[in-house]
Amino acid sequence: MAGVANNVRAMPTPPRKPVSPPLVDWRRTCPGVNGKLKHLLGSGLLMDVTFRVGNEKGEVETIRAHKLMLAMFSSVFEAMFMGRFVENRDSVDDIIAIPDIQPSAFKTLLKFIYVGEMSRQLSTSDILGTLYAAKKYDITELEMECTQLLKSNISEENAVSIFQAAQMFDEKELREEAHAFLKRNFDIAMQRDDFLNISKENLCIFLQDDDTFASELSIFHGVLRWAETECSRMNISGSPDNQRLVLADILELVRLPVITSEDIALEVIPSRILTPEECTLLLQYKVVTPQNRALLPSLPFTDRRRSFSAYKAVFYDEMKGKYVDLSTGWYNRFSVDQPISIVSFGFYGPYTVDNASYTVSIKLLKDESENCPVLAEATYQNVVVKVKEIFHVNFPHPIPIHPGILYRAWFSLKGPLTCHGAAVSNTMEVVVPVNTRYQNVKFTYSVIGAHQLPEIMFQV
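Everything in the sequence shown is counted per UniProt numbering, starting at 1 for the first residue and increasing by one.
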């Protein structure tokens, strides 16, 4: 017996099974109702409905959710789940297909339903997609959030898209705000790619409006740019004949007679968009005195000036090569001899890099010895500019300035090196007269450190 006992004591002890740590209850680590709902959305726990969102033209994604949460916010979802009507269902796996909404927009909708949050960093396209989803599923709170976010984000880069979406969604306040912004900033908006998506009907609305703020020469170039894009959409060449065909009666809304004779000769006629007869009529109109214009055949273009015609002071007569870094901020001084309102500053674009992107900051200050007061300022990101192009950056609204006061035009351009200007004279101060509808305006311009800022746009 003792031997047996000794043998038992000599047997090795069997290894212990590892003990799993106690599971952490997610309810304890997700504080508050919002925290718990966020966990349910992110974890997929207890989800009971599946959607296939998107279509073959873009992204397609399978997204799951909780019927109760969706029905709580949307009568459309409630009717879908209760069987009063059914969207497109896959008969095999009972997945609900939503081909007309992008996955990113549907996820934004779900996040808003579960936790009442919407990212402020969404692109205009994503916000518009989310607004469409909110409209489709009748989620009023999300509609209001989208429209408020769009109102606060209107810029030259997206104003046309927002305006046309507001028309489609029948959002009156948003439509009116985008319309007013475009009227104030049409000169700059026409230079952006978003402008190329404007419908023919809406283009006519702005061209017919006397309050549309833009120089007529800029409008002419913008209309031709739109026509060339429209030709591309129609899969036809962008020849002058085809552009004229696309424009049809739109060109009559461009007020060509108010463009200077020099610009008509150097820019309008060489575009070959006008017929020889129209060129002759236009030049006759410019040459004869106003008293004798009644003797001429009638023009196909209106000669009525817009209420807010923009004028441009040009301080350099030649563009030079690559310039220094302008990201730290520079300024030049100027004064005027008539009361005017400053609309925008114009800058030379990149020297070699095409479609370069800049972050541009501008300020208008009174030039005083101490604590120069800032009259207006603006910053724009991702301003895309073509090589050796002059581009303008608008202030939020026209800034009144007065004669006999010295002002600073401050600017910062963060991006590739730009071109610079060759001075109009050998001195660092130039006097530039500008003919306007009402009186001549004389700019006295002093270069302090940077041969940039070749143009200032203003209104009288």
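C-beta: ideal position from N, C-alpha, C; glycine also.
Test item: CB-CB of residue i and residue j under 7 Å
i, j, result
"residue 361", "residue 412", "yes"
"residue 99", "residue 55", "yes"
"residue 185", "residue 156", "yes"
"residue 69", "residue 96", "no"
"residue 374", "residue 365", "yes"
"residue 49", "residue 65", "yes"
"residue 187", "residue 214", "yes"
"residue 150", "residue 162", "yes"
"residue 134", "residue 154", "no"
"residue 238", "residue 231", "yes"
"residue 332", "residue 447", "yes"
"residue 38", "residue 160", "no"
"residue 322", "residue 351", "yes"
Length of the line joining the Cα atoms of residue i and residue j
i, j, result
"residue 128", "residue 110", "16 Å"
"residue 193", "residue 285", "34 Å"
"residue 421", "residue 228", "30 Å"
"residue 42", "residue 34", "12 Å"
"residue 377", "residue 363", "4 Å"
"residue 450", "residue 59", "48 Å"
"residue 240", "residue 268", "12 Å"
"residue 295", "residue 435", "26 Å"
"residue 125", "residue 314", "37 Å"
"residue 137", "residue 75", "7 Å"
"residue 316", "residue 432", "10 Å"
Simplified DSSP state of residue i, which is helix, strand or coil
i, result
"residue 105", "helix"
"residue 321", "coil"
"residue 404", "coil"
"residue 311", "strand"
"residue 479", "Outside the shown range of the chain (1 to 460) lies residue 479, about which nothing can therefore be said."
"residue 389", "coil"
"residue 87", "Because the pLDDT at residue 87 is just 49, under 50, the model does not fix this residue reliably, and the value given afterwards should be weighed accordingly. Here residue 87 sits in coil by DSSP."
"residue 461", "Residue 461 lies beyond the residue range present for the chain, which begins at 1 and ends at 460; the question has no answer from this structure."
"residue 61", "strand"
"residue 338", "coil"
"residue 333", "strand"
"residue 113", "helix"
"residue 304", "coil"
"residue 436", "coil"
"residue 132", "helix"
"residue 56", "coil"
Residue i CB to nearest heavy atom of the ligand GDP below 6 Å
i, result
"residue 304", "Absence of the ligand GDP from the depicted structure is noted, as is the absence of any ligand whatsoever, leaving it without description."
Q) Along the chain, which unbroken stretches of the alpha helix (DSSP H) at least 4 residues long are found entirely within the segment 238-288? A) 240-247, 276-287
Q | Contact between the segment 240-250 and the segment 267-274 (3+ Cβ pairs under 8 Å) | A | yes
Q. Given 8 Å as the limit, is there contact between the segment 442-460 and the segment 340-357, that is, 3 or more CB pairs closer than that?
A. yes
Q. What runs of the alpha helix (DSSP H), each 4 residues or longer, lie entirely inside the segment 168-230?
A. 172-189, 200-208
Q: Report yes or no: do three or more beta-carbon pairs, one from the segment 295-303 and one from the segment 434-454, lie closer than 8 Å?
A: no
Q.
Three or more C-beta pairs under 8 Å: does that hold for the segment 323-343 against the segment 401-410?
A. yes
Q: Count the CB pairs spanning the segment 199-214 and the segment 252-266 that are closer than 8 Å, and state whether there are at least three.
A: yes
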